[in-house]
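As structure tokens, the structure follows; a few thoughts come after it.
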Amino acid sequence: MRSMTRFSVLTLCLLWLAPLHAATCRDPAGFDTWLAGFKREAAAQGISPEAISALDGVTYDPSIISRDHGQHVFHQSFEQFAGRMVNSYRLHKGASLMKQYAGTFERIEQTYGVPAPIIVALWGLETDFGAVNGNTPTLRALATLAYDCRRTEKFQAELLDALRLIERGDLSPSAMRGAWAGELGQTQFMPSSYLKYAVDFGGGRNLIHSVPDVLASTANYLKGYGWQRGAGWNPGQPNFAVIKQWNAADVYSRTIAYFASKLAGEQ
172 MRSMTRFSVL TLCLLWLAPL HAATCRDPAG FDTWLAGFKR EAAAQGISPE
222 AISALDGVTY DPSIISRDHG QHVFHQSFEQ FAGRMVNSYR LHKGASLMKQ
272 YAGTFERIEQ TYGVPAPIIV ALWGLETDFG AVNGNTPTLR ALATLAYDCR
322 RTEKFQAELL DALRLIERGD LSPSAMRGAW AGELGQTQFM PSSYLKYAVD
372 FGGGRNLIHS VPDVLASTAN YLKGYGWQRG AGWNPGQPNF AVIKQWNAAD
422 VYSRTIAYFA SKLAGEQ
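Right, here's the structure in full:
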């Protein structure tokens, strides 16, 4: 019931913003006016003035829009994509990390039912095991995408959740740097997923710097989407549908499953 109420309020707020947005979203000159309106709506949602102040000075970034409108990576075949992404470095590094964090992975599997290979596969594919988290200011990226016409409601909701992360104390605004589309941390959670699935496994829900938090939160995400303990994850098996919830692109979801199977010694 609480989630339905929040959804209804958010929908009404976004509808309130729609007339102004429709007139300006193709024109960067209207961004500041839109942002001022967004701050008012964030306040109406009950977000604190301190958190909302994180938007002060945020500017429109046309390079974000160019990247959003020009994604071609998933036009590759599975063989091309998996052959490039599941390379010898990632396989050796992944196996090493499974040993290094064996105790953590054991606790995670006991708690969430998700085994190490699938978590490590996601970790490696998303950020090379935390080496390439991205350095784009998250609030700027989300505000730009929220202002754009293409996926307005999705990113307005994500921007609100980013402010809620600040309000909850998970991350400071300056620490919120990640991928160009607003993903955060070593397995690239959108703010909505961070807010819902991040767990404190020793680091205070810090998915940027705390490896145990990263690994456990990734498992919690998969469990939240229906991961079945002990079931398979390859195409046609029960947990492949959960992997598709992580990334709906068939080439990517199949690559996750393939990488995990290689780490598990199945292929």
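Its first residue numbered 172, the sequence shown is counted upward by one per residue in the numbering used here.
Built from N, CA and C at the ideal position, the CB exists for glycine as well.
Requested in this report: Take T315 as the anchor and find which of L330, V285, N304 has the nearest alpha-carbon.
Outcome: L330
Query raised in the report: Under the three-state reduction of DSSP, which class applies to P409: helix, strand or coil?
Result: coil
Report task. Would you mind giving the Cβ-Cβ distance between Y392 and S424, rounded to the nearest angstrom? I have them listed as a contact below 8 Å. Result -> Contact flag wrong, Cβ pair sits at about 14 Å.
Requested in this report: Compute the beta-carbon to beta-carbon distance between S388 and A369, rounded to the nearest angstrom, for a pair I have assumed lies under 8 Å.
Outcome: 5 Å
Report task. Reducing DSSP to helix, strand and coil, say where L378 ends up. Result -> coil
**Report entry** Which listed residue (A302, R238, P199, V291) has its alpha carbon closest to that of V229
**Finding:** P199
Report task. Helix, strand or coil for L355, going by three-state DSSP, please let me know. Result -> strand
Query raised in the report: Can you check whether the CB of A390 is closer than 8 Å to the CB of I279?
Result: yes
Requested in this report: Inspect the beta-carbon positions of L378 and G395 and report whether they are closer than 8 Å.
Outcome: no
Query - Straight-line Cα distance separating M256 from F300 - result: 13 Å
Query raised in the report: Got a sec? Which residues, its chain only, sit under 6 Å from A194 by beta carbon, not counting five neighbours each side?
Result: Its pLDDT being 44, under 50, A194 is placed unreliably by the model, and the measurement read from it follows with that caveat. Correct list: empty, nothing qualifies.
Query raised in the report: If you compare alpha carbons, which of T426, P383, A328, F411 is closest to F276?
Result: P383
Query raised in the report: Looking only at its own chain, which residues have a Cβ that is under 6 Å from the Cβ of Y231, when we skip the five neighbours before and after it?
Result: P199, F202, T315
**Report entry** Range covered by the alpha helix (DSSP H) that runs through R400
**Finding:** Taken as a continuous stretch (DSSP letters only), R400 belongs to no alpha helix (DSSP H), as it is neither H nor E.
Report task. Give a yes or no on whether the C-beta atoms belonging to W398 and G284 are separated by under 8 Å. Result -> yes
Query - Cβ-based neighbour list, M361, same chain, cut-off 7 Å, excluding 5 preceding and 5 following - result: E329, G353, E354
Report task. Please specify which runs of the alpha helix (DSSP H), each continuous and at least 4 residues long, are wholly inside the region 307-372, giving them in chain order. Result -> 309-318, 323-339, 362-368
Requested in this report: Would you kindly work out how many angstroms separate the C-alpha atoms of A266 and L434, rounded to a whole number?
Outcome: 6 Å
Query raised in the report: Where E324 and K210 are concerned, what is the direct C-alpha to C-alpha distance, given to the nearest angstrom?
Result: 15 Å
Query - Cut-off 6 Å between Cβ atoms - residues of its own chain near F249, not counting five sequence neighbours on either side - result: V422, R425
Query raised in the report: From Y318 to H263, what does the alpha carbon distance come to, in whole angstroms?
Result: 42 Å
**Report entry** Simplified DSSP assignment, three categories, for P288
**Finding:** helix
**Report entry** For R348 and P308, believed in contact at Cβ under 8 Å, the rounded distance
**Finding:** 6 Å
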